[in-house]
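If you're matching positions, the sequence shown starts at 390 in the working numbering and goes up one per residue.
Here a beta-carbon is modelled for each residue, glycine too, at the ideal position from N, C-alpha and C.
Right, one structure below, let's go through it.
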Amino acid sequence: MCVIVVKKPTDILTNADFRLFARENTDGWGFVYNDEKGTHAVKGMKLPQLFQAAPVLEGKEAVLHFRLSTHGTKTEENCHPFEVLPGLYFLHNGILPIACSKDKKRSDTWHFAELVLKPMFAAIPSAKLSDYIRSGAFRYLLESAIGATNKVVLFDSFGPVIFNRDKWSEKTGPKGLLMSNGYPYLFSFRDDPFEDTEFPFGANKAKKWRSEDEWQYEAPPLSTLTPDSFIDFLEEMPEHRLCDPSWLFENDITPGMIEDFVSFYPAESAKLLAKLAEEYQTYVQYYYE
Numbered sequence: 390m391c392v393i394v395v396k397k398p399t400d401i402l403t404n405a406d407f408r409l410f411a412r413e414n415t416d417g418w419g420f421v422y423n424d425e426k427g428t429h430a431v432k433g434m435k436l437p438q439l440f441q442a443a444p445v446l447e448g449k450e451a452v453l454h455f456r457l458s459t460h461g462t463k464t465e466e467n468c469h470p471f472e473v474l475p476g477l478y479f480l481h482n483g484i485l486p487i488a489c490s491k492d493k494k495r496s497d498t499w500h501f502a503e504l505v506l507k508p509m510f511a512a513i514p515s516a517k518l519s520d521y522i523r524s525g526a527f528r529y530l531l532e533s534a535i536g537a538t539n540k541v542v543l544f545d546s547f548g549p550v551i552f553n554r555d556k557w558s559e560k561t562g563p564k565g566l567l568m569s570n571g572y573p574y575l576f577s578f579r580d581d582p583f584e585d586t587e588f589p590f591g592a593n594k595a596k597k598w599r600s601e602d603e604w605q606y607e608a609p610p611l612s613t614l615t616p617d618s619f620i621d622f623l624e625e626m627p628e629h630r631l632c633d634p635s636w637l638f639e640n641d642i643t644p645g646m647i648e649d650f651v652s653f654y655p656a657e658s659a660k661l662l663a664k665l666a667e668e669y670q671t672y673v674q675y676y677y678e
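Below you can see the structure in the form of structure tokens.
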């Protein structure tokens, strides 16, 4: 599932926030904002590109989107926002009930913009379009068409119009953001993974990272695997949900269960650690290299 973040002019988003939003949404990003020259959209496929582009958002209202693809190719052209008309952009979180048959390489969001929104808005005088998308009648039509589980934003020179607002996550995370869902903050509240800081519940201590190039994890060999080395390894991977005390608690996983697992199934434990290390390194290469 993708995530949409609505940024108020007073909100300050850092690179650590962007990493958090993108952790489960690895298929590109985009944002839309207004300035004195008009309404602008920026897209990209790599987080360093976002780090370079994001300063333009300081002090501005904006909407950001982090994509997890369900339809279409994993390309920048399928990243949100989509321009429906000049100065009017469309962002979406969910899976829209529309056939993606016009172009198999394009997403369900693109098809909805092309086949539904563009023809509809083309019939509305441009001077009245802003009022139209904010009208109760249009809200009823759009929310009926997309269904209750989809979240949508239309953004123009007057800012965002949010649909299915009651399904959004209000005041999410420590910064109180409006987000289409709050799961990026379920596993981490840390400001920066490269700082020596506490985990959300103070149960573990993060390592002090000397540089972003040192995100290397190697699972302990089977011959040296112990319950302590297993738990130490998890603690070295603060971005993974297995290290989050809240996730462990919610799933009734205790340190004793981990100890039993390692003691009775050392080979399976070693395979799990190796898999986690491989997955995490793939993530690092995608976003940082």
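Just to confirm the assignment, what range does the alpha helix (DSSP H) spanning residue i have?
{"i": "H429", "result": "Element bounds for H429: not the alpha helix (DSSP H) but the beta strand (DSSP E), 427-433."}
{"i": "K540", "result": "Per DSSP, K540 belongs to no alpha helix (DSSP H); it is in the beta strand (DSSP E), 540-545."}
{"i": "W499", "result": "497-501"}
{"i": "L611", "result": "From DSSP, L611 is part of no alpha helix (DSSP H); its letter is neither H nor E."}
{"i": "Y529", "result": "525-535"}
Check whether the Cβ atoms of residue i and residue j sit closer than 8 Å, and answer yes or no.
{"i": "A430", "j": "L402", "result": "no"}
{"i": "P655", "j": "L611", "result": "yes"}
{"i": "L457", "j": "Y422", "result": "no"}
{"i": "H469", "j": "T428", "result": "no"}
{"i": "E466", "j": "M434", "result": "no"}
{"i": "F501", "j": "R528", "result": "no"}
{"i": "L536", "j": "E450", "result": "Checking the displayed sequence, the identity of residue 536 turns out to be Gly instead of Leu. No."}
{"i": "F622", "j": "I647", "result": "no"}
{"i": "K491", "j": "L506", "result": "no"}
{"i": "F440", "j": "F471", "result": "no"}
{"i": "G461", "j": "K494", "result": "yes"}
Evaluate residue i with the Cβ neighbour count: other Cβ atoms within 10 Å of its Cβ, from every protein chain shown; 16 or more gives buried, anything less gives exposed.
{"i": "G591", "result": "Residue placement at G591 is poorly supported in this model, since its pLDDT is 26, which falls under 50; the coordinates still yield a value, given next. Exposed, because fewer than 16 other Cβ atoms sit within 10 Å of the Cβ of G591."}
{"i": "L614", "result": "buried"}
{"i": "D416", "result": "buried"}
{"i": "T538", "result": "exposed"}
{"i": "A526", "result": "exposed"}
{"i": "F455", "result": "buried"}
{"i": "V452", "result": "buried"}
{"i": "F653", "result": "exposed"}
{"i": "S524", "result": "exposed"}
{"i": "K560", "result": "exposed"}
{"i": "K664", "result": "exposed"}
{"i": "L436", "result": "buried"}
{"i": "K660", "result": "exposed"}
{"i": "R554", "result": "exposed"}
{"i": "F410", "result": "buried"}
{"i": "D602", "result": "Unreliable placement is indicated for D602, whose pLDDT of 40 sits below 50; the coordinate value is still reported in the next sentence. D602 comes out exposed."}
{"i": "L662", "result": "buried"}
{"i": "K432", "result": "buried"}
{"i": "P508", "result": "exposed"}
{"i": "F583", "result": "Model confidence at F583 stands at a pLDDT of 33, short of 50, so the residue's coordinates are unreliable and nothing is read from them."}
{"i": "S600", "result": "Low per-residue confidence applies at S600: pLDDT is 36, beneath 50, and the placement is therefore not dependable enough to give any value."}
{"i": "E587", "result": "Since pLDDT at E587 reaches only 31, below the 50 mark, its modelled position is unreliable, and the value read off the structure follows with that caveat. The residue is exposed, with fewer than 16 neighbouring Cβ atoms inside 10 Å."}
{"i": "S658", "result": "buried"}
{"i": "D585", "result": "Any reading at D585 needs caution, since the residue's pLDDT is 32, under 50, leaving its predicted position unreliable; the model's value is listed next. The residue is exposed, with fewer than 16 neighbouring Cβ atoms inside 10 Å."}
{"i": "G645", "result": "exposed"}
{"i": "I393", "result": "buried"}
{"i": "S533", "result": "exposed"}
{"i": "L530", "result": "exposed"}
{"i": "C391", "result": "buried"}
Need the endpoints of the beta strand (DSSP E) that residue i sits in, please.
{"i": "D400", "result": "Per DSSP, D400 belongs to no beta strand (DSSP E) and is neither H nor E."}
{"i": "E559", "result": "558-561"}
{"i": "R548", "result": "Reading off the sequence, residue 548 comes out as Gly, not Arg. Taken as a continuous stretch (DSSP letters only), the beta strand (DSSP E) holding G548 covers 548-552."}
{"i": "Y572", "result": "No beta strand (DSSP E) holds Y572; DSSP gives it neither H nor E."}
{"i": "K564", "result": "Neither: K564 is in no beta strand (DSSP E) and is coded neither H nor E."}
{"i": "Y654", "result": "No beta strand (DSSP E) contains Y654, which DSSP labels as neither H nor E."}
{"i": "G419", "result": "418-424"}
Under 7 Å from any heavy atom of the ligand PLP, does the C-beta of residue i make it?
{"i": "M646", "result": "Here there are no bound small molecules, and the ligand PLP is not part of this structure."}
Subject >> Length at least 4, wholly inside the region 441-519: the alpha helix (DSSP H) runs in chain order >> reply: Within the region 441-519, the runs of alpha helix (DSSP H) at least 4 residues long that lie entirely inside it are, in chain order, 497-501, 507-511.
Original post:
Looking at C-beta atoms only, is the number of pairs between the region 559-573 and the region 390-397 that lie closer than 8 Å three or more?
Top reply: Touching, yes.
**OP:** Inspect the CB distances between the region 474-483 and the region 540-551 and report whether three or more fall short of 8 Å.
**Re:** Contact between the region 474-483 and the region 540-551 is established, with three or more Cβ pairs separated by less than 8 Å.
Original post:
At a cut of 8 Å, does the region 510-518 reach the region 484-499 through at least three beta carbon pairs?
Top reply: Short answer: they don't touch.
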